[in-house]
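A.B. asks: Sharing a structure with you now.
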Amino acid sequence: MSIVLEELTKVYAGRRVVDRVSLEVGEGELFVLLGSSGSGKSTVLRLIAGLSRADGGTVTLFGRDVTNLPPQARGVGFVFQNYSIFRHMTVARNIEFGLRLRGVSRSERRKKSGELLELIGLGGLGGRYASQLSGGQQQRVALARALAYEPRVLLLDEPFGALDAKIRLQLRRTLREIQQALHVTTILVTHDQDEAFELADRIGVVDRGRLLEVGTGEELYSRPQSFFVATFLGAGVVLHGRCEEGQARFGRVTLPIPADLPHEEGGPVRVLIRPEQLVLDPSPGTEPEGTPTLGTGTVIEEIFAGSSKRVRVRIPEQAGLRQIFPVAPFGETGILVDAVLGADRAIPDEVSVLLKGWRVLAQPEPRVLSLGEAPETAIAAAKLARSIKAVLTVLGIAKDSDRVERTRSEIRSRLGEDASGVELRVRAGDRTEQVLSEVSESFYDLVVADGGGDERRRAPGERALLQRSKTPILFARGGERPLRSLLICTAVGEPGRNDVRFGGWLAARLRARVLLLHVAVGGQEPAAWVHAHLDRGVRTLQALGVDGARKVLPARTPLEGILAETRSGAHDLVVIGRHAGRARSVRGRDDVTFQVLRSADRSVLVVPADA
Amino acid sequence: MSAALPVETRRRRERTAFAPVSILVLILLPLLLMPLGAVFVFALRGGLPAFWRAVRAPEAQFALRFSLLIAFLTAGINAVLGTFAAYVLSKYRFRGERTLGIVVNLPVAIPTVVVGTSLLLLWGPIGLLGKLITPLGIQPMFRPAGVLLAHLFVTFPYMLGTVKPLLDELETTYEEAAYTIGAGRWTTFRLVLLPALRGGLVTGALLTFAHSLGEFGATVMVSGNLRLRTQTAPLYIFAQFEAGDIAQANAIAAVLAALSFLIFFFLFRYTARTKKAA
Numbered sequence: 002m003s004i005v006l007e008e009l010t011k012v013y014a015g016r017r018v019v020d021r022v023s024l025e026v027g028e029g030e031l032f033v034l035l036g037s038s039g040s041g042k043s044t045v046l047r048l049i050a051g052l053s054r055a056d057g058g059t060v061t062l063f064g065r066d067v068t069n070l071p072p073q074a075r076g077v078g079f080v081f082q083n084y085s086i087f088r089h090m091t092v093a094r095n096i097e098f099g100l101r102l103r104g105v106s107r108s109e110r111r112k113k114s115g116e117l118l119e120l121i122g123l124g125g126l127g128g129r130y131a132s133q134l135s136g137g138q139q140q141r142v143a144l145a146r147a148l149a150y151e152p153r154v155l156l157l158d159e160p161f162g163a164l165d166a167k168i169r170l171q172l173r174r175t176l177r178e179i180q181q182a183l184h185v186t187t188i189l190v191t192h193d194q195d196e197a198f199e200l201a202d203r204i205g206v207v208d209r210g211r212l213l214e215v216g217t218g219e220e221l222y223s224r225p226q227s228f229f230v231a232t233f234l235g236a237g238v239v240l241h242g243r244c245e246e247g248q249a250r251f252g253r254v255t256l257p258i259p260a261d262l263p264h265e266e267g268g269p270v271r272v273l274i275r276p277e278q279l280v281l282d283p284s285p286g287t288e289p290e291g292t293p294t295l296g297t298g299t300v301i302e303e304i305f306a307g308s309s310k311r312v313r314v315r316i317p318e319q320a321g322l323r324q325i326f327p328v329a330p331f332g333e334t335g336i337l338v339d340a341v342l343g344a345d346r347a348i349p350d351e352v353s354v355l356l357k358g359w360r361v362l363a364q365p366e367p368r369v370l371s372l373g374e375a376p377e378t379a380i381a382a383a384k385l386a387r388s389i390k391a392v393l394t395v396l397g398i399a400k401d402s403d404r405v406e407r408t409r410s411e412i413r414s415r416l417g418e419d420a421s422g423v424e425l426r427v428r429a430g431d432r433t434e435q436v437l438s439e440v441s442e443s444f445y446d447l448v449v450a451d452g453g454g455d456e457r458r459r460a461p462g463e464r465a466l467l468q469r470s471k472t473p474i475l476f477a478r479g480g481e482r483p484l485r486s487l488l489i490c491t492a493v494g495e496p497g498r499n500d501v502r503f504g505g506w507l508a509a510r511l512r513a514r515v516l517l518l519h520v521a522v523g524g525q526e527p528a529a530w531v532h533a534h535l536d537r538g539v540r541t542l543q544a545l546g547v548d549g550a551r552k553v554l555p556a557r558t559p560l561e562g563i564l565a566e567t568r569s570g571a572h573d574l575v576v577i578g579r580h581a582g583r584a585r586s587v588r589g590r591d592d593v594t595f596q597v598l599r600s601a602d603r604s605v606l607v608v609p610a611d612a
Numbered sequence: 081m082s083a084a085l086p087v088e089t090r091r092r093r094e095r096t097a098f099a100p101v102s103i104l105v106l107i108l109l110p111l112l113l114m115p116l117g118a119v120f121v122f123a124l125r126g127g128l129p130a131f132w133r134a135v136r137a138p139e140a141q142f143a144l145r146f147s148l149l150i151a152f153l154t155a156g157i158n159a160v161l162g163t164f165a166a167y168v169l170s171k172y173r174f175r176g177e178r179t180l181g182i183v184v185n186l187p188v189a190i191p192t193v194v195v196g197t198s199l200l201l202l203w204g205p206i207g208l209l210g211k212l213i214t215p216l217g218i219q220p221m222f223r224p225a226g227v228l229l230a231h232l233f234v235t236f237p238y239m240l241g242t243v244k245p246l247l248d249e250l251e252t253t254y255e256e257a258a259y260t261i262g263a264g265r266w267t268t269f270r271l272v273l274l275p276a277l278r279g280g281l282v283t284g285a286l287l288t289f290a291h292s293l294g295e296f297g298a299t300v301m302v303s304g305n306l307r308l309r310t311q312t313a314p315l316y317i318f319a320q321f322e323a324g325d326i327a328q329a330n331a332i333a334a335v336l337a338a339l340s341f342l343i344f345f346f347l348f349r350y351t352a353r354t355k356k357a358a
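So the protein sequences, as listed, match chains A and B. Counting from 1 along the first sequence, just add 1 to a position and that's the residue number in our numbering. Counting from 1 along the second sequence, just add 80 to a position and that's the residue number in our numbering.
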């Protein structure tokens, strides 16, 4: 191995801009580090060259640990985005600079620079100055200068970033030819995926300082593991569902989960579908046996693209199916997918959307969003996120964009030592609107909101959120209390299965007990289906590995029953189901969900039926 | 620049240029050009032999040579100090960077007489530091060293002002490129940075030299204006005027003016050439 990075880390202002990057690059390989700007990919390159000092980890070049050596002693060639040709030297002297430092004789230097000038296609221009060359020519000179002293490692930092598209293509080809001719181990940094696909033997995708995945372009395109790589390379949609009985369930479709990507029962699942993997069947209802069908949709857009056309289909909302990429326009509840068809194929307005291919992604870490204005809520959310091993995002709302920074620092100081590892997000504008946008634009498994204090303060934002959110919302009350026992109220009409499933998943992560409660209204013995439902619930909990019990409690109204059980004090969290979009009042009164939310002295988790 | 202008605007500019140009010349004539002319007219009124005699007078010779020596030393020392200051201020980020940036440029804003006074109050026989070193037999004031100190102080910002913008403009990757190729810090400075700063260095050194040659306010305070010991050319001119020896004063004034012309001529030629090369 010629370049070996182990746990390489760089910290700037308390943030890991390079986060434990480990990588091995083989001799003569052209490796591309691909990432968006600010991802830390250039810093990795600078750490290899010694232009930045590593805060952790090691860099080994051809078996030699160079982690603590200055750049001069590492013997690498480096090409910068801005060329950095020495402007008071001629092109030839620029190229010869490294040889001059190494005491090579003048005649030999001349010979070498002449050869290199031919190699980069600038033969005869050795007497020019940088100011007399175009950007593309300058970058060719920079490449020759970096190769003149025959380094065994060549590093290129966005070398074509400042050039026109056409020159970029030419230079790519030149670079590939030279790299193969000289067989020099090369790492190139870019944000351009076409460049990566064209040049790379292997690609490593970098995001927020971490090297997420490494593979050939083809591997990363067709078999990505992470959500970031799936959406960063190529087009496609990513759908979100849940893992049920070992299968990935997305609304009506159930897809197998590959054996190499273990998923936790009840946890989130994501699937990537590329445009070319979608088949539009013009006659709904006649889809072939065994082909997974996403649903029946309406064609809303056809875009001509030369030999093909892109067809956008809207599939109406389905319980348990959500699109998380691309982000749906605000207010859109259905699924929007793009398919690629031959330009000559006519397509009816109603089509059945079939899948001929897909890629189930690695199970994401659960994500928790904290909305709390109250300090206790943010701390409760931080504790909860830590105990269920979730990524926590804290959302702050600033009145206008000028106050964003102030709000950010206020939240940071409020969180205190809990702030590490927390993603802070500040949005400016109307509170209700911004909260709803955040919840619908980014995907969260759980939202934590203020449950205590003045009700007028949380209305109307949380009320609107409750009605429109498809994400379970936990109204935190009673601060620091650890969640050891969950009360899942299945008394409210026909609750569906989501409250049990989600509550059970949460309980499994929290290692908490669960009591399934049914309130027998009017003291009557409940019907047989209630018992059957409770039995199924307990079995579901057992499948999730949760210690679950059942209870039937007679009471005058569901609310009374739930409150009576809550008051027993044995439960730390009340889980209650809710139908999406239901009016906030039934016959002039709030429905049971709102009543419980108002009257219970515990934290309440509201699970939408279509979560 | 002008090549990029459309033909029509260029033509209009040429046509209307006459009036503003003549107004400018009319203003400059009594302000700048005639006084300079007067120096030469008066210097040569007694004929060349008289002029020559005035210049050859021992005090005059000493004053001219002393001024040139001080100007060379000032330009040399401040070339090094100013470049170093420019490098530190341009390449490092530190607390108090802004304050330091203001402090090093302060000499431009302070009246030179005040500079002279403050030097006396520090180094003079009863000054803050002078009090301590005078018993040791060290006393820079009223000696050539004092004049040099004053000139270094007054001309410090010139070098900085011409070199720092060039350094600011050079990307850090310029040096880093040299490091990765294998050049150490000093080699990089010598072979890569310094040549890139050449234009600023020459301009800054010439400006420092010219300013030092004509310095009066601070010099008159710290030198004690001692003939044949600390008297610079400008001080000599002033002293001769006060003594009523106007012909002597005029002759040296003409020499000083000619020297300054020469420096500026060179400066213009140089900047024009480097501009063309870039």
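Built from N, CA and C at the ideal position, the CB exists for glycine as well.
Counting along the chain, where does the alpha helix (DSSP H) carrying residue 251/B start and finish?
C.D. replies: That residue, residue 251/B, is in no alpha helix (DSSP H); it is neither H nor E in DSSP.
A.B. asks: So residue 89/A contacts chain B; which residues on that side make the cut at Cβ distance below 8 Å?
C.D. replies: Those are 275, 276 and 278, listed as they occur along chain B.
A.B. asks: Checking the sheet assignment: what are the DSSP bridge partners for residue 625/A?
C.D. replies: Nothing about residue 625/A can be read from this structure; chain A reaches only from 2 to 612.
A.B. asks: Do three or more CB pairs link the segment 256-266 of chain B to the segment 75-90 of chain A at distances below 8 Å?
C.D. replies: Output reads yes: the segment 75-90 of chain A touches the segment 256-266 of chain B.
A.B. asks: With a threshold of 16 other CB atoms inside 10 Å of the CB of residue 407/A, please say whether the residue is buried or exposed.
C.D. replies: Exposed: under 16 other Cβ atoms inside 10 Å.
A.B. asks: Taking only beta-carbon positions, decide if residue 185/B is within less than 7 Å of chain A.
C.D. replies: So, not an interface residue.
A.B. asks: For the alpha helix (DSSP H) that contains residue 113/A, what are its first and last residues?
C.D. replies: First-last of the alpha helix (DSSP H) with residue 113/A: 107-120.
A.B. asks: Enumerate in chain order the residues of its own chain whose CB-to-CB distance from residue 344/A is below 8 Å, with the five nearest sequence positions on each side excluded.
C.D. replies: For residue 344/A, where only same-chain residues beyond five positions count, the Cβ hits under 8 Å are 305, 306, 307, 308, 309 and 310.
A.B. asks: If we count the other Cβ atoms within 10 Å of its Cβ and call it buried at 16 or more, is residue 385/A buried or exposed?
C.D. replies: It is buried - the Cβ of residue 385/A has at least 16 other Cβ atoms within 10 Å.
A.B. asks: Please look up how many angstroms separate the CB atoms of residue 46/A and residue 190/A, rounded, as I've assumed it's under 8 Å.
C.D. replies: Going by Cβ atoms, the distance from residue 46/A to residue 190/A rounds to 5 Å, so yes, they are a contact pair.
A.B. asks: CA-CA distance, residue 51/A and residue 104/A?
C.D. replies: C-alpha separation (whole angstroms): 23 Å.
A.B. asks: Give the single residue among 352/A, 391/A and 365/A whose Cα lies nearest to the Cα of residue 371/A.
C.D. replies: The candidate whose alpha carbon is nearest that of residue 371/A is 391/A.
A.B. asks: Span of the alpha helix (DSSP H) holding residue 351/A?
C.D. replies: Note, residue 351/A: premise wrong, no alpha helix (DSSP H); beta strand (DSSP E) at 351-356.
A.B. asks: From residue 465/A to residue 395/A, what distance separates their C-alpha atoms?
C.D. replies: Each residue's alpha carbon lies about 19 Å from the other.
A.B. asks: Shortest alpha-carbon distance to residue 489/A belongs to which of 196/A, 571/A and 557/A?
C.D. replies: For the residues 196/A, 571/A and 557/A, the minimum Cα distance to residue 489/A belongs to 571/A.
A.B. asks: On the DSSP letters alone, give me the boundaries of the beta strand (DSSP E) that residue 310/A sits inside.
C.D. replies: Start and end: 309-316.
A.B. asks: In chain A, which residues lie less than 8 Å from residue 254/B when you measure between Cβ atoms?
C.D. replies: Ordered by position in chain A, the residues that pass the 8 Å Cβ test against residue 254/B are 85 and 87.
A.B. asks: Please report the Cβ distance between residue 188/A and residue 49/A, rounded to the nearest whole angstrom; I am assuming they are in contact, meaning their Cβ atoms lie under 8 Å.
C.D. replies: 7 Å between Cβ atoms; contact.
A.B. asks: Look at the Cβ atom of residue 501/A, then the Cβ atom of residue 558/A, and state whether they are nearer than 7 Å.
C.D. replies: No, Cβ-Cβ distance for residue 501/A and residue 558/A is not below 7 Å.
A.B. asks: Tell me which residues share the same chain as residue 200/B and place their Cβ nearer than 7 Å to its Cβ, disregarding the 5 neighbours each side in the sequence.
C.D. replies: Counting only Cβ-Cβ distances below 7 Å, and skipping sequence neighbours, we find 207, 221, 301 and 302.
A.B. asks: Going along the chain, which residues of the segment 225-252 of chain B sit with their C-beta nearer than 7 Å to a C-beta in chain A?
C.D. replies: If the cut-off is 7 Å between Cβ atoms, the segment 225-252 of chain B has 251 near chain A.
A.B. asks: Note down, in chain order, every chain B residue with its Cβ under 7 Å from the Cβ of residue 50/A.
C.D. replies: Here the neighbours are 260.
A.B. asks: So which residues on chain B does residue 81/A lean against when the C-beta distance must stay under 7 Å?
C.D. replies: In chain order: 253 and 257.
A.B. asks: Does any residue of chain B have a CB that is nearer than 7 Å to the CB of residue 63/A?
C.D. replies: Cβ-Cβ to chain B under 7 Å: no for residue 63/A.
A.B. asks: Do residue 487/A and residue 508/A have their C-beta atoms closer together than 7 Å?
C.D. replies: Cβ atoms of residue 487/A and residue 508/A: closer than 7 Å.
A.B. asks: Taking only three categories from DSSP, how would you classify residue 164/A?
C.D. replies: Here residue 164/A sits in coil by DSSP.
A.B. asks: If the cut is a Cβ gap below 9 Å, which residues of chain B does residue 146/A touch?
C.D. replies: Near residue 146/A (Cβ distances below 9 Å), the residues of chain B are 257 and 261.
A.B. asks: Taking a Cβ distance cut-off of 7 Å, strictly less, list which residues of the segment 363-385 of chain A are near chain B, in chain order.
C.D. replies: Hits within the stretch: zero.
A.B. asks: Would you kindly check if the distance between the Cβ of residue 547/A and the Cβ of residue 515/A is under 7 Å?
C.D. replies: Cβ distance < 7 Å, so residue 515/A and residue 547/A count as in contact.
A.B. asks: Taking contact to mean 3 or more Cβ pairs, one atom from each stretch, closer than 8 Å, check whether the segment 228-242 of chain B and the segment 161-180 of chain B are in contact.
C.D. replies: Touching, yes, given that three or more Cβ pairs across the two stretches are closer than 8 Å.
A.B. asks: For a test of the three-state rule: what should DSSP assign to residue 344/B, helix, strand or coil?
C.D. replies: If DSSP states are grouped into helix, strand and coil, residue 344/B belongs with the helices.
A.B. asks: For residue 582/A, which residues of its own chain have a beta-carbon under 6 Å away from its beta-carbon, when the five flanking residues on both sides are left out?
C.D. replies: Only weak support exists for where residue 582/A lies, its pLDDT of 47 falling under 50; the coordinates are left without a value.
A.B. asks: Whole angstroms are fine: how far does the CA of residue 383/A sit from the CA of residue 417/A?
C.D. replies: When rounded, the distance between both Cα atoms is 11 Å.
A.B. asks: Using a Cβ-Cβ cut-off of less than 9 Å, list which residues of the segment 144-169 of chain A approach chain B; keep chain order.
C.D. replies: Here the close residues are 146, 147, 149, 150, 152, 156 and 158.
A.B. asks: To which residues does DSSP link residue 552/A through a beta bridge?
C.D. replies: Paired residue(s): 518/A.
A.B. asks: What's the gap between the Cα of residue 195/B and the Cα of residue 286/B?
C.D. replies: Their Cα atoms are separated by approximately 22 Å.
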